[in-house]
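There are 2 protein chains.
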Amino acid sequence: MTLCVFLNILDNFFMVEKLLQHIDSIVPITEDEGEIIRELVKEKEIPRKKFLHQAGEVASNSAFVVEGCLRSYTIDRDGFEHILQFAPENWWISDMHSLVKNNPSELNIDALLDTKVLVMSRSCQISIFDRIPKLERYFRILTENALAASNQRTINYLSLPAKLRYENFCDMYPTLIHAIPQKSIASYIGITPEFLSKLRAERVK
Amino acid sequence: MTLCVFLNILDNFFMVEKLLQHIDSIVPITEDEGEIIRELVKEKEIPRKKFLHQAGEVASNSAFVVEGCLRSYTIDRDGFEHILQFAPENWWISDMHSLVKNNPSELNIDALLDTKVLVMSRSCQISIFDRIPKLERYFRILTENALAASNQRTINYLSLPAKLRYENFCDMYPTLIHAIPQKSIASYIGITPEFLSKLRAERVK
DNA sequence: GTAAATTCTTAATATAGGTTAAGAAATGTG
DNA sequence: CACATTTCTTAACCTATATTAAGAATTTAC
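Sequence order for the protein chains is A and B.
First residue of the first sequence? That's 1 in the UniProt record's numbering, and the numbers climb one at a time after it.
First residue of the second sequence? That's 1 in the UniProt record's numbering, and the numbers climb one at a time after it.
What follows is the structure, encoded as structure tokens:
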């Protein structure tokens, strides 16, 4: 076994370990359960700008980000991108709509930075719930949190002007502000990059 | 036992029955499980314009609408209402954010029509999951659906102009269009009632 | 390290949607 | 039924944000 192969195995070990820690922080799990979960996921690397998933395909996986950052977005009829979600370290990302309804996705998921993920197929996920009910609880809780956050975003959208939505974003994702292009932030909060630029210029004054 | 009391019991029986049918349509349940679930919920009537929940309180319940229609909404600093959710028959409604984070709610929930609901406390809900894992599955699935719908709404908001968001709403909630005031639809799709009026006038031409 | 590509800024102009106001229609209530 | 309240419509005017365009700054790729 070369050193390189060994380091790879070591690396994969740490990847899964990070997921197990995340699960354990929400629903404490035993060694044995951890062993089973290990078998459920597959490591994957996504270089910057490469896709994990493309619009048109039916989504069949969820991904847990171990390192880097993914994003999901649609492209509208005029060719403009609209970002639905960022997934930094320790977040799950998927196209829930396509996953649940089993119809072709309108979302692309790609990497904003070189990224390492653990991929879990929907069928594996569903089938494990009977064996490890804790995992169903884990995902139930994550989904509740995601829904709460999504609702909050909707309310912000309905009730706040662009400037406050931007300030909100800064409070919420402080690590992202300098890690991703500003045009991505603009897309997420629903304005043009030019207008964001204007808001930021005003703010300095 | 007077006839009136008897009819009330009969009515309550049908209320819970409707919930059991809904659960059964998603995760088939046995008679015994149905019996347990019966004990978990409390019937409540909410006359039109009365509140089920008010901003400021910490949310501790979810409600299943048996008849009528509820809505959740915030009031912004300028006093404008923004509707987050409608809950017609067979829908659950709650303030997921407050329920999950246990902090005071920014949402009001009130009745658009005279409404009958079944109320389930969060603590009951959580505690039953160990006894009836099917119920955790039921709520996991509902929450996934709600998240998918909420994501779709966000995408619509980011990528569609008001006119298309209105048409979308018409397709999605055909029963609501004539059941609730237009200003409520305007609030849900994020425009003023005056502007909705303008869109509708254009459409006729 | 340098050329090419992408992102960011600024500014002039345009527009979707908001605001205000007032009357018409519908609905609720005694 | 009649009066009060709420909702809906129309129209004139206003503003937050979009669009277009062009140059500056930064990042990427060889």
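All C-beta atoms, glycine included, are put in the ideal place defined by N, C-alpha and C.
Would you say A/Arg-137 faces chain B, with C-beta separation under 8 Å as the test? The sequence position of residue 137 of chain A within the first sequence is 137, counting from 1. By this cut-off, A/Arg-137 is an interface position.
Strand pairing of A/Leu-70, partner residues [DSSP]: For the purposes of this step, residue 70 of chain A is taken as residue 70 along the first sequence, with counting starting at 1. A/Leu-70 is bridged to A/Ala-87 and A/Ala-111.
Got a sec: is the Cβ-Cβ distance from A/Asn-145 to anything in chain B below 8 Å? For the purposes of this step, residue 145 of chain A is taken as the residue at position 145 of the first sequence. By this cut-off, A/Asn-145 is an interface position.
Identify the contact partners of A/Ala-148 in chain B, using a Cβ-Cβ distance below 9 Å as the criterion. Sequence index remark: in the first sequence, residue 148 of chain A carries index 148 (1-based). Within 9 Å Cβ-Cβ: Asp-95, Met-96, His-97, Ser-98, Leu-99, Val-100 and Lys-101.
Pick from B/Arg-200, B/Tyr-166, B/Ser-197 and B/Arg-203 that is closest to B/Tyr-188, judged by C-alpha positions: The residue you call residue 188 of chain B lines up with position 188 of the second sequence. Closest option to B/Tyr-188, Cα to Cα, is B/Tyr-166.
Look up A/Ala-59 in the DSSP assignment and say whether it is helix, strand or coil. Within the first sequence, the letter at position 59 stands for residue 59 of chain A. Three-state result, A/Ala-59: coil.
Note down, in chain order, all residues in the region 176 to 205 of chain A with a beta-carbon under 7 Å from any beta-carbon belonging to chain B. Gly-190
DSSP on A/Cys-27, reduced to helix/strand/coil? Taking the first residue of the first sequence as 1, we reach residue 27 of chain A at position 27. Cys is not the amino acid found at residue 27 of chain A; the sequence shown has Val there. Note: A/Val-27 maps to coil in three-state DSSP.
Distance between B/Val-41 and B/Val-5 (C-alpha atoms, nearest Å): In the second sequence, residue 5 of chain B corresponds to position 5, counting from 1. In the second sequence, residue 41 of chain B corresponds to position 41, counting from 1. Note that B/Val-5 scores 48 on pLDDT, short of 50, meaning its location in the model is unreliable; the coordinates nonetheless yield the value given after this. Roughly 19 Å separates the two Cα atoms.
Is it true that the CB of B/Cys-69 sits closer than 8 Å to the CB of B/Leu-107? What you label residue 107 of chain B is simply residue 107 of the second sequence in a count that begins at 1. What you label residue 69 of chain B is simply residue 69 of the second sequence in a count that begins at 1. Not in contact: B/Leu-107 and B/Cys-69 (Cβ atoms no closer than 8 Å).
What separation, rounded to the nearest whole angstrom, lies between the Cα atoms of A/Ile-141 and B/Leu-160? Stepping through the first sequence from its first residue, residue 141 of chain A is reached at position 141. Stepping through the second sequence from its first residue, residue 160 of chain B is reached at position 160. Rounded to the nearest angstrom, the two C-alpha atoms are 31 Å apart.
If we ignore side chains and look at the alpha-carbon of each, how far apart do A/Thr-2 and A/Leu-19 end up? Working through the first sequence from its first residue, we reach residue 2 of chain A at position 2. Working through the first sequence from its first residue, we reach residue 19 of chain A at position 19. Bear in mind that a pLDDT of 48 at A/Thr-2, under 50, signals an unreliable position, so the number given afterwards is only what the model happens to contain. Each residue's Cα considered, the two are about 27 Å apart.
Runs of alpha helix (DSSP H) wholly within the region 150 to 184 of chain A (minimum 4 residues, chain order): 162 to 172
Exposed or buried, A/Ile-177, counting other C-beta atoms within 10 Å across all chains shown (16 or more means buried)? In the first sequence, the residue the question calls residue 177 of chain A occupies position 177. Exposed, because fewer than 16 other Cβ atoms sit within 10 Å of the Cβ of A/Ile-177.
Can you give the Cα-Cα distance for A/Glu-89 and B/Lys-50, rounded to whole angstroms? By 1-based counting over the first sequence, the position of residue 89 of chain A is 89. By 1-based counting over the second sequence, the position of residue 50 of chain B is 50. Using only the alpha carbons, I get a separation of about 44 Å.
Report the three-state DSSP secondary structure of residue 277 of chain B (helix, strand or coil). Missing from the structure shown is residue 277 of chain B; chain B here goes from 1 to 205 and no further.
Status (buried if at least 16 other CB within 10 Å, exposed otherwise) for A/Ser-25: Sequence index remark: in the first sequence, residue 25 of chain A carries index 25 (1-based). Result: exposed.
Residues of chain A with a CB under 9 Å from the CB of B/His-53: which are they? Here residue 53 of chain B refers to the residue found at position 53 of the second sequence. Here the premise fails: no neighbours, minimum Cβ distance about 14 Å.
Backbone secondary structure at A/Ile-189 - three-state DSSP: Within the first sequence, numbered from 1, the residue matching residue 189 of chain A stands at position 189. Three-state DSSP puts A/Ile-189 in a helix.
Keeping to the same chain, check which residues put their C-beta closer than 7 Å to that of A/Leu-196; ignore five residues upstream and five downstream. Taking the first sequence and counting its residues from 1, the one referred to as residue 196 of chain A is at position 196. If we look at A/Leu-196 and ignore the five residues flanking it on each side, its Cβ neighbours are Tyr-166, Gln-182, Ile-185 and Ala-186.
Exposure label - B/Thr-154; buried when at least 16 CB within 10 Å: As a first step, residue 154 of chain B must be located in the second sequence, where it is residue number 154. By the 10 Å Cβ count, B/Thr-154 comes out buried.
Pull up the DSSP beta-bridge partners for A/Pro-104, would you. In the first sequence, the residue the question calls residue 104 of chain A occupies position 104. According to DSSP, A/Pro-104 bridges with A/Val-58.
So that I know if they touch, is there some Cβ in chain B lying closer than 8 Å to that of A/Gln-125? Reading the first sequence from its first residue, position 125 is the one you call residue 125 of chain A. So, not an interface residue.
Integer Cβ distance of B/Leu-84 from B/Ser-72, believed to fall under 8 Å: Against the second sequence, residue 84 of chain B aligns to sequence position 84. Against the second sequence, residue 72 of chain B aligns to sequence position 72. Contact flag correct, Cβ pair sits at about 5 Å.
Which residues in chain A have a C-beta closer than 7 Å to the C-beta of B/Thr-30? List them in chain order. Translated into positions along the second sequence, residue 30 of chain B becomes position 30. Neighbours of B/Thr-30 on chain A: none; closest Cβ ~17 Å, over 7 Å.
Rounded distance between the beta-carbons of A/Val-65 and A/Pro-104, thought under 8 Å: In the first sequence, counting from the first residue as 1, residue 104 of chain A sits at position 104. In the first sequence, counting from the first residue as 1, residue 65 of chain A sits at position 65. That belief does not hold up - the Cβ atoms of A/Pro-104 and A/Val-65 are roughly 24 Å apart, past 8 Å.
Please report whether the beta-carbon of A/Pro-104 lies at a distance below 8 Å from any beta-carbon of chain B. Locating residue 104 of chain A in the first sequence gives position 104, counting from the first residue. Judged by the 8 Å Cβ criterion, A/Pro-104 is not in contact with chain B.
Using a Cβ-Cβ cut-off of less than 9 Å, list which residues of the region 151 to 174 of chain A approach chain B; keep chain order. Asn-151, Gln-152, Arg-153, Thr-154, Ile-155, Tyr-157, Leu-158, Ser-159 and Leu-160
Starting from B/His-82, find everything on chain A with Cβ-Cβ shorter than 8 Å and list it in chain order. As a working note, residue 82 of chain B is residue 82 in the second sequence. Within chain A, the residues near B/His-82 are Ile-155, Leu-158 and Ser-159.
Assigned exposure category for B/Met-172 - 16 Cβ within 10 Å defines buried: Looking up residue 172 of chain B in the second sequence gives position 172. Classification for B/Met-172: exposed.
In chain B, which residues lie less than 8 Å from A/Arg-140 when you measure between Cβ atoms? On the first sequence, residue 140 of chain A is found 140 positions in, with the first residue counted as 1. Near A/Arg-140 (Cβ distances below 8 Å), the residues of chain B are Glu-136, Phe-139, Arg-140 and Thr-143.
Inter-residue Cα distance where the pair is B/Gly-34 and B/Ala-63: Locating residue 34 of chain B in the second sequence gives position 34, where the first residue counts as 1. Locating residue 63 of chain B in the second sequence gives position 63, where the first residue counts as 1. Spanning the alpha carbons of B/Gly-34 and B/Ala-63 requires a straight line of approximately 17 Å.
Answer yes or no: do B/Ala-148 and A/Met-96 have a C-beta to C-beta separation smaller than 8 Å? Within the second sequence, residue 148 of chain B is the residue found at index 148, counting from 1. Within the first sequence, residue 96 of chain A is the residue found at index 96, counting from 1. Yes. Within cutoff.
Straight-line CA distance for B/Asn-145 to A/Val-100? Position 145 of the second sequence, counting from 1, holds the residue named residue 145 of chain B. Position 100 of the first sequence, counting from 1, holds the residue named residue 100 of chain A. When rounded, the distance between both Cα atoms is 7 Å.
Just to confirm before moving on: does the CB-CB distance between A/Ile-46 and A/Val-117 stay below 8 Å? As a working note, residue 46 of chain A is residue 46 in the first sequence. As a working note, residue 117 of chain A is residue 117 in the first sequence. Going by C-beta atoms, A/Ile-46 is nearer than 8 Å to A/Val-117.
Could you tell me if A/Ile-29 is buried or exposed, where buried requires 16 or more neighbouring beta carbons within 10 angstroms of its beta carbon? As a working mapping, residue 29 of chain A is identified with position 29 in the first sequence. Buried, because 16 or more other Cβ atoms sit within 10 Å of the Cβ of A/Ile-29.
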